[in-house]
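Below is one structure; the comments refer to it alone.
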Amino acid sequence: MNQILEVKSVSKSFGNLVANKDISFNVNKGEVLAILGENGAGKTTLMNILFGHYMPDNGEIIFKNQSIKFGNTGNSISLGIGMVHQHFTLADNLTVLENIIIGQNSLFNITLSKKESKEKLNTLIEKFGLPINPDAMVSDLSVSQKQRLEILKTLYQDCELLILDEPTAALTPQETESLFKTVRKMVIEGLSVILISHKLNEVLSISNRIIVLRNGKIAGEKITNHADYKSLASLIVGKEVSYPKKKKNTPKGEFLRAENIFYRTEIDLDVKIKNLNLNLFGGEILGIAGVAGNGQQNLAKLLAGHAKPTDGKIFMEENEVNLFTPKNFMDLGIAYIPEDRNKDGLIGDMSIWENTIMTEIENQNISNKFGFINDTFSKEKAERICEINDVRLQSINQPARLLSGGNVQKLLIGRWLNRNPKIIIACQPTRGLDEGAIAAVHKMLLEARENGNAILIIGEDLDELISLSDKISVIYNGQLSAPLYTDNLDKLKIGMMMSGEGFGND
Amino acid sequence: MIFDFIEILFTAGFWAATIRIACPLIFATLGEVICERSGVLNLGIEGIMSLGAMVGWMSVYLGADLYSGVLLAAIIGALFGFLHAIFTVYLGASQHVTGIGITMLASSIGFFSFRLILPSSTTPPKIIPFEKINIPYLSDIPFIGEALFQHTPFTYIAFISVIIIFWLLNSTPFGLSIKMAGENPMALEAQGIDVLLVRTVSVIIGSALMAVGGAYLTMSAFDAFYFGMINGRGWIAIALVIFAAWKPERALLGAILFAGLDAYQVRAQQLAGAFIPYQFFLMLPFILSIVAMIVASKRTRYPKALLIPFRRGERH
Chain A
3 MNQILEVKSV
13 SKSFGNLVAN
23 KDISFNVNKG
33 EVLAILGENG
43 AGKTTLMNIL
53 FGHYMPDNGE
63 IIFKNQSIKF
73 GNTGNSISLG
83 IGMVHQHFTL
93 ADNLTVLENI
103 IIGQNSLFNI
113 TLSKKESKEK
123 LNTLIEKFGL
133 PINPDAMVSD
143 LSVSQKQRLE
153 ILKTLYQDCE
163 LLILDEPTAA
173 LTPQETESLF
183 KTVRKMVIEG
193 LSVILISHKL
203 NEVLSISNRI
213 IVLRNGKIAG
223 EKITNHADYK
233 SLASLIVGKE
243 VSYPKKKKNT
253 PKGEFLRAEN
263 IFYRTEIDLD
273 VKIKNLNLNL
283 FGGEILGIAG
293 VAGNGQQNLA
303 KLLAGHAKPT
313 DGKIFMEENE
323 VNLFTPKNFM
333 DLGIAYIPED
343 RNKDGLIGDM
353 SIWENTIMTE
363 IENQNISNKF
373 GFINDTFSKE
383 KAERICEIND
393 VRLQSINQPA
403 RLLSGGNVQK
413 LLIGRWLNRN
423 PKIIIACQPT
433 RGLDEGAIAA
443 VHKMLLEARE
453 NGNAILIIGE
463 DLDELISLSD
473 KISVIYNGQL
483 SAPLYTDNLD
493 KLKIGMMMSG
503 EGFGND
Chain B
150 MIFDFIEILF
160 TAGFWAATIR
170 IACPLIFATL
180 GEVICERSGV
190 LNLGIEGIMS
200 LGAMVGWMSV
210 YLGADLYSGV
220 LLAAIIGALF
230 GFLHAIFTVY
240 LGASQHVTGI
250 GITMLASSIG
260 FFSFRLILPS
270 STTPPKIIPF
280 EKINIPYLSD
290 IPFIGEALFQ
300 HTPFTYIAFI
310 SVIIIFWLLN
320 STPFGLSIKM
330 AGENPMALEA
340 QGIDVLLVRT
350 VSVIIGSALM
360 AVGGAYLTMS
370 AFDAFYFGMI
380 NGRGWIAIAL
390 VIFAAWKPER
400 ALLGAILFAG
410 LDAYQVRAQQ
420 LAGAFIPYQF
430 FLMLPFILSI
440 VAMIVASKRT
450 RYPKALLIPF
460 RRGERH
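Taken in order, these protein sequences are the chains called A and B.
Under our numbering, think of the first position of the first sequence as 3, with each following residue one higher.
Under our numbering, think of the first position of the second sequence as 150, with each following residue one higher.
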C-alpha cells in the first residue's frame, strides 16, 4: 500500500498546556486509521493542526508528497483533506446545497452555479448511499442527516483523506452502523479515513490500524486484528483499569413516583415531556437511554425541582410534592448531578472548600445565626469530604476550576453523599472523563445503590448504562418507555427504541 | 372630519413624500443588514450617516458634481466602516462600545470640519441638489405617475440598491459567505474561507451604504447641511433591521412603513393641529413602529453569531 499522509514530529502547546508532543505517524491509501485516547489526550488538537485550524509549534506534515502549509484550512481542503468536526460546522440558515457549494466558487464570483453543483451532489449521494434533500434547510435536518451533509461536503471537495472527529457521539446504534457502511464504501473507492474516537468497540469493528494517544504523546500503535479491548483500555489509561461490578441487590420500597407528567416551557410553549410515568426504588438504578436532545435535560430538571411540571404529580414516599424548588427537593432527599458539571455544578473561581460546603450552608456548624461562616470548621469538613472521596488536590484553598474533570465529579458526588440523600439524579455522570475516573464514579454510584439509594442515571453510552443499571427506560421525543430489566436485554431492541420505534407519533 | 384623515391616503403627494422620506432609511437599513448578517453590529451608523451627509454636500458645495459627491460620501463611510472592522473584527473589541465611539467620532468630525470650512454661516449655504426627473410615459399615468415616477435619480438608486443587495445576499458566493459568517463562522472557516475578510468587507460595504443614506438627506431631500439633521434615523434603521428580519426586501417594506407614518403625521397635524397638541402627531410614527416591531419580530431568528468575535485558532 502506498502512503498518503506522513506526520513528522508535530508538537503544539497552548500556554503551559502541552497538547501534542513529538507526534509522528502515517496513513496509507484505502485504510481506516483510528486514533484513540482520553479526553484531553490531544486527538482533536492533532486533527485541527492537520486540517489547518491550528499552527503547530514545530514539525512537518507531508500529504501526497507535498508539505502542508499550516494554519490555512483552504490549503488543506484544496490538497484533498476533509474533516467532519465533532460539533458540526454548518450554517442553519442556509440550505444543504448552499452549505456545500460555499467554498467551491471563488468568493467574488458573480453567480452561484447551482444547477451543475446539484448534479454533482446527486451523483455523490447515489454513489456513496447518503440520501439527503439538497434543497432542505439545515435547521430542519436531524443529527444523522447533518452528519451525512458534512461527509458529502468533504466528498464534494474531492477529498482523499477524511477525518471523522467523534462521529458517533450523537448517533443511535443503527445510525452508527449505516455511517460505518459509508466509511467502508469510501475505503473501497480508495479514500483514507482517520477516525477519532474513545469508544473501543466501534474502533475495533471499523479500523485497520489503531494509534493510542496519551497526554499528547503516542502511547502505542496496533494492527486492529491483533488488538483486544482490555489491552487497548490499559494502553489508553496507562495502567490496568478495574471496573467495579454490579452486585445482586434486592430493591427496597418506592422512593419516588412521577405520574402523567407533562412539561412545556414558557418560552416556546413546545411540549418537552409528554405523559411520563416513572418509579424509582431504593437500592435500584434506573438508566435512561436515548439520543441526546430527546428531553433528558428537562426530565432531570423536573426531578430535581429546577422546573415545575405543567401537568402531573410527583410523589416522594407516598407524599405528593407541591413545592417545586431545588431547595425543597434537596430537603426531601434529592441529589442532582448536573450534565454540565463545570457550569451548573460548581463555581470555578471560588475555592474548593467553599464549593464543597456550598450545599450545607444552613448547617449550624458551618454558618452561625448571624450568617457568618465558620472557616476552620468548614475547611476541616471540606477536607474530610475530599479525602473520603479521593478528590486529588494541591490545596483546599485553590480555585475549583483547576480540578480535572474526574476530580470535579468526585467532589460533586461526594458533596451530595455527605448529605445522605435518598435519591440521586445523575446526568451524564461520566461524560468526558478518563477511564480511571469513570471507574471511580461507577464505584461511587454502585456503593450508593448498595446503601439503599434510589438512583437515576441519564446516559448516552448504552454499554455503560447496561452495566450499571438494574432497569433501563428509553426516552424519545419527550416520552419515556416502560422499564426493561437489564439481565437479559436485547440491545438491538433498545437501539430501535432510541430511534423512535414503539413510540406514538404525536 | 374622519374622511379628511382617510383622504390623505389617496393623495399622490402623500405617497411621493413617503418614498422621499423612506430613501435614507432604505440605504441605512440595507447597510446595517449587511453588517449584521456577517455578525457585526454597527452602531456607528448614526455618525456615519451624519458624516456622509456632510461630505456629500460639502464636496458639491466646493465644486464637485453630484455623483462624485455621492461617491465621496460612500468612500468616507467605507473608511469608517474599515475602522469599525479593525476594532471589532480583527481585535475582537466590544461591538457596542466601538460602534458608539464611531458614531461620536464620525459626527464630531463632520460638524467640526463643516465649521472649519464655513466658519461664519448663520444661514447655511445651499447647493443645487438632484433634480426630479419624470420617467417618460410612466410619469404620465395619473396618480401612480406622480407618486412613483417623478423623483430624483438618487431615489431610484435607493430602490435599485435593494435589488442589488437582495441579489448579492441570495445569489452570489460572497452573499452566502456573509450569511454563513453571521450564523456559524466555524463553518465558513472549515470551507477554507477567511471569516475576518468576509466580515471586514461586509462592514465596509454596509458603512458605505449608510453614508450614502446620509448624503441623500443633503443632496436630494434638502439642499443644505445643518447639525443634528440625521435626527435618530440611524437608530431607527437599527430597529428596522429587526423588523426586517435581516432581509433586504423586508427592509424596504419597513422603511416605507415608517416613512408612510411620518408623512401621514405631518398631514394629520395640519388637519387637527388646532385641537390636538402637535407633539402627539410627532410621536405617532415611533409608537406605531414599536407596535409593528413587537408584532413582526416575535418569531424572527437572529443571526446566531451576531456580536460574537471570531478568533482563529481558538478553541470553539
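Each residue gets a CB set at the ideal place from its N, CA and C atoms; glycine is no exception.
query                                                                                                                        : result
Chain B within 7 Å of ASN210(A), Cβ atoms only                                                                               : no
7 Å Cβ cutoff met for PHE257(A) and LYS424(A)                                                                                : yes
Selection of the segment 103-127 of chain A by Cβ proximity to chain B, strictly under 9 Å                                   : ILE103, ILE104, GLY105, GLN106, ASN107, SER108, LEU109, PHE110, ASN111, ILE112, THR113, LEU114 and LYS116
Burial state of GLY131(A), where buried means 16 or more other Cβ atoms lie within 10 Å                                      : exposed
Environment of GLU185(B) [buried if 16+ CB atoms lie within 10 Å]                                                            : buried
CB of ILE427(A) within 7 Å of CB of ALA306(A), strictly                                                                      : yes
Listed by chain order, chain B residues near ASN277(A) by CB distance under 9 Å                                              : The premise fails here: ASN277(A) is roughly 28 Å from chain B at the closest Cβ pair, so nothing lies under 9 Å.
Sequence-distant residues of its chain with Cβ nearer than 7 Å to ASP436(A) (five each side left out)                        : GLU40, ASN41, VAL239 and GLY408
Per-residue burial, VAL440(B) [other beta carbons within 10 Å of its own, 16 or more giving buried]                          : exposed
TYR265(A): first and last residue of the uninterrupted beta strand (DSSP E) it sits in                                       : 256-266
ASP153(B) versus VAL209(B) - alpha carbon distance                                                                           : 41 Å
Residue-chain proximity (ASN333(B), chain E), Cβ-Cβ < 7 Å                                                                    : Among the protein chains in the structure shown, which are A and B, there is no chain E.
Interface flag, PRO426(B) vs chain A, CB-CB below 7 Å                                                                        : no
Within 7 Å, strictly: CB atoms of GLY454(A) and GLY285(A)                                                                    : yes
Neighbour flag for ASP508(A) against chain B, beta carbons, 7 Å                                                              : Below a pLDDT of 50, predicted positions are generally treated as unreliable, and ASP508(A), at 47, falls in that range; the measurement from the model is reported next regardless. So no, ASP508(A) is outside the interface.
Environment of ASP508(A) [buried if 16+ CB atoms lie within 10 Å]                                                            : Any reading at ASP508(A) is ruled out, since the residue's pLDDT is 47, under 50, leaving its predicted position unreliable.
For ALA364(B), the nearest candidate out of ALA165(B), GLY226(B) and ALA234(B) (CA to CA)                                    : GLY226(B)
Whole-angstrom C-beta distance between ILE342(B) and LEU109(A), which should lie under 8 Å                                   : 6 Å
Validate contact between the segment 8-28 of chain A and the segment 177-192 of chain A using beta carbons, cut 8 Å, 3 pairs : no
Proximity of ALA177(B) and GLY362(B) at Cβ, strictly below 7 Å                                                               : yes
Whole-angstrom distance between ASP214(B) and MET378(B), CA atom to CA atom                                                  : 22 Å
Under 7 Å between C-beta atoms of LYS381(A) and TRP355(A)                                                                    : yes
Amino acids of chain B, ordered along the chain, whose beta-carbon sits closer than 7 Å to that of LEU96(A)                  : LEU325, LYS328 and MET329
Assigned exposure category for THR113(A) - 16 Cβ within 10 Å defines buried                                                  : exposed
Cβ-Cβ distance between ILE233(B) and VAL352(B) below 7 Å                                                                     : The identity of residue 233(B) in the sequence shown is His, whereas the question assumes Ile. Contact flag set, yes.
Straight-line Cα distance separating GLY196(B) from SER257(B)                                                                : 8 Å
Cβ neighbour criterion (16 or more within 10 Å) applied to PRO458(B)                                                         : buried
Straight-line Cα distance separating HIS444(A) from GLN430(A)                                                                : 12 Å
Ranges of the alpha helix (DSSP H) found wholly within the segment 249-326 of chain B, counting only runs of at least 4      : 293-297 and 302-320
Within chain B, partners of LEU2(A) - CB distance below 7 Å                                                                  : With chain A represented from 3 up to 508, any question about residue 2(A) goes unanswered, as that position is not in the structure.
Where GLN5(A) falls: helix, strand or coil (DSSP)                                                                            : strand
For ARG460(B) and LYS254(A), the rounded distance between their alpha carbons                                                : 55 Å
Buried versus exposed call for ALA404(B) [16 or more other C-beta atoms within 10 Å across all chains shown]                 : buried
C-beta contact flag for ILE196(A) and ILE165(A) at 7 Å                                                                       : yes
Reduced DSSP secondary structure (H/G/I, E/B, other) of PRO401(A)                                                            : strand
Nearest to ARG216(A) (by Cα), restricted to the options THR46(A), ASP489(A) and LEU126(A)                                    : THR46(A)
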